[in-house]
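Presented below is the structure to which this report refers.
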Amino acid sequence: MLQFNEAWNVICDYCRRSITDVAYNTWISKIEPLNLNFDSNEATLLVPNDFHRQTLERCYKTLLTDAFEAVFDTHIDVKFTVPEEEEKNDILVDDINDKGYEYTFDTFIVGNSNKFAHAACLAVAQNPSKAYNPLVLYGNSGLGKTHLLYAIWNEIKKNDSNKNICYVKGDDFTNDLIESLHRNAMSEFRQKYRYADVLLVDDIQFIGGKESTQLEFFHTFETLYLANKQIILTSDRPPKEIKTLDDRLRGRFEGGLIADILPPDIETRIAIIERKAELMNITIPKDVCEYIANNVKSNIRQLEGTVKKIKAKNNLDGERPSIKSVQNIIADILNNDTPPEVTVEKIVDEVARTFNVSAEDLRRSNNRSAYISSPRQVAIYVVNELTTLTQENIGKEFGGRDHSTIKYAIDTTKKKMAKDSKLRSIVDDIIKNCSNE
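Count along the sequence shown from 1, add 25, and you get the number used in our numbering.
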């Protein structure tokens, strides 16, 4: 396996030289080498989900096959697998035991904060396209929206394994669109999404403000909806608060069922801790569960992370969980789960996607046309808002521009936003998306 991992690095370098950075980062970088069998000349690669596998099969399998042949000097048949299949085959048993968690309705803890959203998702999963369509879930990060999406996936597949289900994140939809445009492969792009029986889109807010993406998603939505196919979306806020969302899309989203998910109450938090401990085969005393629930209040991921660390500490030193022993664990979890500092790269990438320009042009180019200079001024403004960089250092990040140029860009953007409500909404959404965990 070590040799395969070493060879995989060379294979990745081969692929990186043959396609764009966007394509590589979106599709190839997320592959994990699983198994290489020279007796059968087969390589098995683990990919995140079935949608990712379908895309690799259609668009990148030839590239990967060529890369294997270049490295091993023989033809290798490339196979793709997803975590769900590996779980069934017990190939990833250790990893599953470490996670101790599956995204199903059975493992989703229902409380007052999420029971409406849970009931809506279950209805959709059991009767796709006939209960609520579209279904929109919204709430803060870490409250279980993605869990419910995968629970829907699993339930539908259990009832009908032939259903074509597509899962995609909002920003990946944009990246896929950009890559397809670069490759003149829009017919393939549209086939991926418009022939789905069920479309699951996580973090739909990331398409806000991106005109080409929204137009393409509108036609995808219309095609699926008119064909009576199920659409489920998640967002960190309700559609009416995504200010840069196209009015037609907002209308379509609000025409379905909108369900919010709130932070769990104390009883639900205790139930989540107990269920997680049960799945991980560790006993946590009642008073410790209550202590954790009283101190970790707003994020389910933090609750689960706390139990994982308790399990690891128990395996390491055999110490029985106590309030004293979990105090440091909770402090570490809360600190580690703080959103990382927003970087210049993240801001520039988000601005570039929003305005459909090159990130490199925004940072390094001397292009003074309004097509580039206006988005660049927005990027500089947002960097000034979200980072602690001085204006002098911001100038260094944008190709060595001087302090007066940076100040001019910031002041100009402020004046434009004061006069242009649409631009103000676009900038607000960029800031929200960059600040999202």
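We put the beta carbon where it would ideally sit given N, CA and C, even for glycine.
Separation of residue j from residue i, as counted between CA atoms
i    : j    : result
Q230 : Y157 : 20 Å
R345 : A337 : 12 Å
I134 : S399 : 47 Å
S429 : L70  : 51 Å
T87  : I56  : 15 Å
L304 : I177 : 21 Å
A32  : V96  : 7 Å
D196 : V47  : 12 Å
G169 : T238 : 26 Å
T129 : L147 : 10 Å
V452 : T90  : 43 Å
T132 : R300 : 8 Å
A384 : G420 : 15 Å
I456 : F380 : 14 Å
Q327 : E266 : 26 Å
N165 : I286 : 8 Å
V94  : Q255 : Rather than Val, the amino acid found at residue 94 in this sequence is Glu. Approximately 41 Å, taken between the alpha carbons.
F423 : L387 : 7 Å
I482 : Y49  : In the structure as shown, the chain begins at 26 and stops at 462. Residue 482 is therefore absent and cannot be evaluated.
G280 : Y316 : 42 Å
A68  : T293 : 44 Å
L173 : T248 : 24 Å
N340 : D312 : 21 Å
K447 : D271 : 11 Å
V226 : H77  : 14 Å
T171 : I355 : 24 Å
D445 : H207 : 32 Å
With 16 other Cβ atoms within 10 Å as the buried cut-off, status of residue i
i    : result
K200 : A small correction: the amino acid at residue 200 is Asn; Lys does not occupy that position in the sequence shown. The residue in question, N200, is buried, as its Cβ has 16 or more Cβ neighbours within 10 Å.
A443 : exposed
I291 : exposed
S65  : exposed
G276 : exposed
S413 : It is worth fixing the name first, because residue 413 is Thr in this sequence and not Ser. T413 is exposed by the Cβ-count criterion.
F63  : exposed
D120 : Low local confidence applies: a pLDDT of 35 at D120 is under 50, so the model's placement there is unreliable, and no value is given.
Y85  : buried
L224 : buried
L27  : Because the pLDDT of L27 is 41, which lies under 50, any placement of that residue in the model is unreliable, and the number read from its coordinates should be weighed accordingly. Result: exposed.
S212 : exposed
V35  : exposed
K333 : buried
Y192 : buried
G234 : buried
A144 : exposed
T245 : buried
S205 : buried
P73  : exposed
L202 : buried
T269 : buried
T415 : exposed
L274 : buried
Q352 : exposed
C40  : buried
G425 : exposed
R83  : exposed
G343 : exposed
Host alpha helix (DSSP H) of residue i (start-end)
i    : result
A95  : K86 to F97
M297 : In the sequence as presented, Met is not what sits at residue 297; that position holds Ile. Residues I291 to L304.
L258 : Taken as a continuous stretch (DSSP letters only), L258 belongs to no alpha helix (DSSP H), being part of the beta strand (DSSP E) at Q255 to S260.
T80  : D75 to T80
L387 : A384 to R388
I44  : From DSSP, I44 is part of no alpha helix (DSSP H); its letter is neither H nor E.
D312 : K311 to N320
R275 : D272 to E279
Residue span of the beta strand (DSSP E) that contains residue i, given as start and end
i    : result
L249 : No beta strand (DSSP E) contains L249, which is instead part of the alpha helix (DSSP H) from E236 to L251.
I283 : L282 to D285
F105 : D102 to T106
N62  : E57 to N62
I372 : Element bounds for I372: not the beta strand (DSSP E) but the alpha helix (DSSP H), V369 to F380.
E67  : E67 to L71
inquiry  = With three or more beta-carbon pairs closer than 8 Å as the criterion, would you say the segment 254 to 266 touches the segment 158 to 168?
reply    = yes
request  = Please list the segments of the beta strand (DSSP E) lying wholly inside the segment 406 to 459, counting only runs of 3 or more residues, in order along the chain.
outcome  = none
query = On the three-pair Cβ rule with 8 Å, is the segment 405 to 418 touching the segment 368 to 377?
reply = yes
task = Only counting runs of 3 or more residues, tell me where the beta strand (DSSP E) segments fall wholly within the segment 130 to 192, in order along the chain.
result = 160 to 163, all fully within the segment 130 to 192.
task = Jot down the residue ranges of each uninterrupted beta strand (DSSP E) in the segment 206 to 232, minimum 3 residues, whole runs only, in chain order.
result = 223 to 227
inquiry  = Using 8 Å as the cut-off, can you tell me whether the segment 187 to 196 makes contact with the segment 41 to 59, which would need three or more C-beta pairs spanning the two stretches below that distance?
reply    = Counting Cβ pairs under 8 Å, fewer than three are found: no touch.
ask   = Are the segment 303 to 320 and the segment 166 to 185 in contact at 8 Å, needing three or more beta carbon pairs?
value = no
Segment contact flag, the segment 381 to 393 with the segment 432 to 449, C-beta cutoff 8 Å, min 3 pairs = No contact exists between the segment 381 to 393 and the segment 432 to 449.
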